[in-house]
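First residue of the sequence shown? That's 425 in my numbering, and the numbers climb one at a time after it. Built from N, CA and C at the ideal position, the CB exists for glycine as well. Below: the structure, in structure tokens.
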Amino acid sequence: MIVCDLTHAYTPTSGGIRTYIDAKRRYVLDHTEDTHVLVIPGEEDTVERGERWVTVRIKSPVIPGAAPYRFFLRRGAIVEALTEARPDVTELNSLYFEPWAAFRYREQHPSTLVSGYYFTDVPGAYIGPAVRGAVGDWIGAKAERTAERYIRRVFDQCDIRCAPSPAQAERLTRIGVEDVNVIVPGVDLETFAPERVEPELRTKFGIPENGLMLFYGGRLDSEKRIYTMTEAVAQVNARRPAKLVMAGNGPYRDDLETRADSGEPFVVLPYQTDKLALASLMATADLYLTAGPHETFALSVVEAQACGLPVVGVAAGALVERVHEGIGRLGPVDDAEAMAANILAVANQLEAMGAASRCHVEERFSWKATFDALFDVYRAALASQVTAA
Numbered sequence: 425m426i427v428c429d430l431t432h433a434y435t436p437t438s439g440g441i442r443t444y445i446d447a448k449r450r451y452v453l454d455h456t457e458d459t460h461v462l463v464i465p466g467e468e469d470t471v472e473r474g475e476r477w478v479t480v481r482i483k484s485p486v487i488p489g490a491a492p493y494r495f496f497l498r499r500g501a502i503v504e505a506l507t508e509a510r511p512d513v514t515e516l517n518s519l520y521f522e523p524w525a526a527f528r529y530r531e532q533h534p535s536t537l538v539s540g541y542y543f544t545d546v547p548g549a550y551i552g553p554a555v556r557g558a559v560g561d562w563i564g565a566k567a568e569r570t571a572e573r574y575i576r577r578v579f580d581q582c583d584i585r586c587a588p589s590p591a592q593a594e595r596l597t598r599i600g601v602e603d604v605n606v607i608v609p610g611v612d613l614e615t616f617a618p619e620r621v622e623p624e625l626r627t628k629f630g631i632p633e634n635g636l637m638l639f640y641g642g643r644l645d646s647e648k649r650i651y652t653m654t655e656a657v658a659q660v661n662a663r664r665p666a667k668l669v670m671a672g673n674g675p676y677r678d679d680l681e682t683r684a685d686s687g688e689p690f691v692v693l694p695y696q697t698d699k700l701a702l703a704s705l706m707a708t709a710d711l712y713l714t715a716g717p718h719e720t721f722a723l724s725v726v727e728a729q730a731c732g733l734p735v736v737g738v739a740a741g742a743l744v745e746r747v748h749e750g751i752g753r754l755g756p757v758d759d760a761e762a763m764a765a766n767i768l769a770v771a772n773q774l775e776a777m778g779a780a781s782r783c784h785v786e787e788r789f790s791w792k793a794t795f796d797a798l799f800d801v802y803r804a805a806l807a808s809q810v811t812a813a
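Below, the structure written as structure tokens:
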């Protein structure tokens, strides 16, 4: 079987989708005799080949204000890449320009299947909030509904439909998408482990002996509600020394660096391309902090839990499924005061909650289980197609 992932959301500094695709390629090479193909935008047209893997980059422009992400514009080049690769299954990991190229290829090669994976809640995370902020709630709500109709149109044309959590499967069902498979992403339990702790990092970041080291890893933008976290940490400091270490890139980075340089209680690090370095940051921290309400899976949360961290977040999106009683606390969206109170409450239970978090992940998440389930879905769909023919 030849499996292709098609997405614009794969860059040197991207997060969950890249982690998923990299793990998928390792699974293909280590546990199957299949071939993995990746088609992504790039600075130039290039093709890299290895034993049972291919990476195709199609020359595409940088998205204004969202570097290093690039946007596919050449549908013909995507179709040409798929024609060369001849995948049995093409999985859509983003849903803008990519689906229409995959559907065009399927028209030309009816034996192939197209799978849609709902990684990002585009209507709720991007379209609705952006339009509301620009022109008001009424038009924002209308724009969100329009985006939902678009998502349904894309998924209605997919042969396989997947979501990373029951909540996101329900989200698709509510907008009219049927037959959604829940494929829960996993985590590398050897890389992300409490044993990755490096106490010298606390000294490097200026964490006092009785202080709290909080950690966040991800995009530094409005979707992730970064300023809710920084305000919460400022409030915590009125009661107990605390510093938030943030690792990531995004439009807020320059402002955050300026404020950190002026003495505000946080540290801004680059996006961590080295997973071991990321795991060390997580394992050294006391708890993981996140405020984004639109997470579809919250992979970084699971990685932090694997490192033995309790989580303080918001009662929205996938966090409701990831953070249970005894391994963290969730509060209202956009409420820095409530988040500060939850940080202080969890700080009194760090050891017990941290151990419970690790156990929680060990019992539920592994990449092999994720892709065993996904490839079973692929093979069943391909078998059904042959039977129908």
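In whole angstroms, give me the CA-to-CA distance for residue i and residue j.
i	j	result
Arg643	Thr654	14 Å
Asp679	His784	36 Å
Leu537	Lys699	33 Å
Asp603	Glu594	11 Å
Gln581	Gly500	19 Å
Leu613	Ala558	42 Å
Thr416	Glu568	Residue 416 lies beyond the residue range present for the chain, which begins at 425 and ends at 813; the question has no answer from this structure.
Ile631	Arg664	11 Å
Ala554	Ala797	35 Å
Ala433	Val691	26 Å
Met670	Arg683	13 Å
Glu531	Phe496	20 Å
Ala760	Arg442	30 Å
Val611	Thr811	35 Å
His718	Ala549	5 Å
Asp800	Pro609	15 Å
Val480	Glu508	10 Å
Lys628	Arg620	16 Å
Keeping to the same chain, check which residues put their C-beta closer than 6 Å to that of residue i; ignore five residues upstream and five downstream.
i	result
Arg746	Ala722 and Val725
Asp710	Leu636, Met637 and Leu774
Lys648	Gly642 and Gly716
Ala739	Leu754
Gln592	Tyr542 and Thr720
Val744	none
According to the Cβ coordinates, are residue i and residue j closer than 8 Å?
i	j	result
Leu638	Leu713	yes
Ser589	Ala728	no
Arg476	His460	yes
Asp861	Ala805	Here the chain has residues from 425 to 813 only, and residue 861 is not among them.
Pro689	Ala666	yes
Val606	Glu515	no
Pro492	Pro436	yes
Ile445	Leu430	no
Gly466	Arg498	no
Val575	Leu519	For the record, residue 575 in the displayed sequence is Ile; it is not Val. Yes; because the gap between Cβ atoms is below 8 Å, this pair is in contact.
Lys792	Tyr529	no
Ser704	Glu622	yes
Pro618	Gly737	no
Ile448	Phe789	Per the sequence shown, residue 448 should be read as Lys rather than Ile. No, the Cβ-Cβ distance between Lys448 and Phe789 is not below 8 Å.
Got a sec? Which residues, its chain only, sit under 7 Å from residue i by beta carbon, not counting five neighbours each side?
i	result
Glu572	Pro547 and Ile599
Tyr676	Leu644, Asp645 and Ile650
Arg626	Met637 and Thr708
Arg510	Ile426
Ala391	Outside the shown range of the chain, which is 425 to 813, sits residue 391, and nothing can be said about it.
Gly489	Pro675
Contact defined as beta carbons within less than 8 Å: I believe residue i pairs with residue j. What is the distance between those atoms, to the nearest angstrom?
i	j	result
Val578	Pro534	So it is not a contact: roughly 19 Å between Cβ atoms.
Pro734	Val770	5 Å
Gly564	Gly552	5 Å
Leu668	Tyr640	6 Å
Arg380	Gly540	The structure shown has nothing for residue 380, since the chain only spans 425 to 813.
Quick check on the DSSP output: the alpha helix (DSSP H) that includes residue i runs from which residue to which?
i	result
Ala666	Segment Ala666 to Ala671 is the beta strand (DSSP E) holding Ala666; no alpha helix (DSSP H) there.
Leu693	Premise fails: Leu693 lies in the beta strand (DSSP E), Phe690 to Leu693, not in any alpha helix (DSSP H).
Arg576	Asp561 to Asp580
Ile650	Ile650 to Val660
Arg626	Glu624 to Lys628
Gly778	Leu774 to Arg788
Asn605	Segment Val604 to Val606 is the beta strand (DSSP E) holding Asn605; no alpha helix (DSSP H) there.
Gly440	Gly440 to His455
Kindly indicate the opening and closing residues of the beta strand (DSSP E) around residue i.
i	result
Ala587	Ile584 to Ala587
Cys428	Ile426 to Leu430
Glu472	Thr470 to Gly474
Thr408	Because the chain spans 425 through 813 in this model, residue 408 falls outside it and cannot be assessed.
Gly500	No beta strand (DSSP E) contains Gly500, which is instead part of the alpha helix (DSSP H) from Arg499 to Ala509.
Gly642	Here Gly642 belongs to no beta strand (DSSP E), and DSSP marks it neither H nor E.
Ser539	Leu537 to Tyr541
Leu733	Where Leu733 is concerned, there is no enclosing beta strand (DSSP E), given that its DSSP letter is neither H nor E.
Glu515	Val513 to Leu516
Val461	Thr459 to Gly466
Identify, in the order they occur along the chain, each residue of the same chain with its Cβ nearer than 8 Å to the Cβ of residue i, setting aside the five sequence neighbours on each side.
i	result
Ile751	Gln729, Pro734, Val735, Met777, Ala780, Ser781 and His784
Ala526	Leu430, Ile502, Leu506, Thr514, Leu516 and Val538
Thr697	Pro436 and Thr437
Thr615	Lys699, Leu700 and Ala703
What I want to know is whether the C-beta of residue i ends up closer than 7 Å to one or more non-hydrogen atoms of the ligand ZN.
i	result
Val810	Ligands are entirely absent from the displayed structure, and the ligand ZN is therefore not among its contents.
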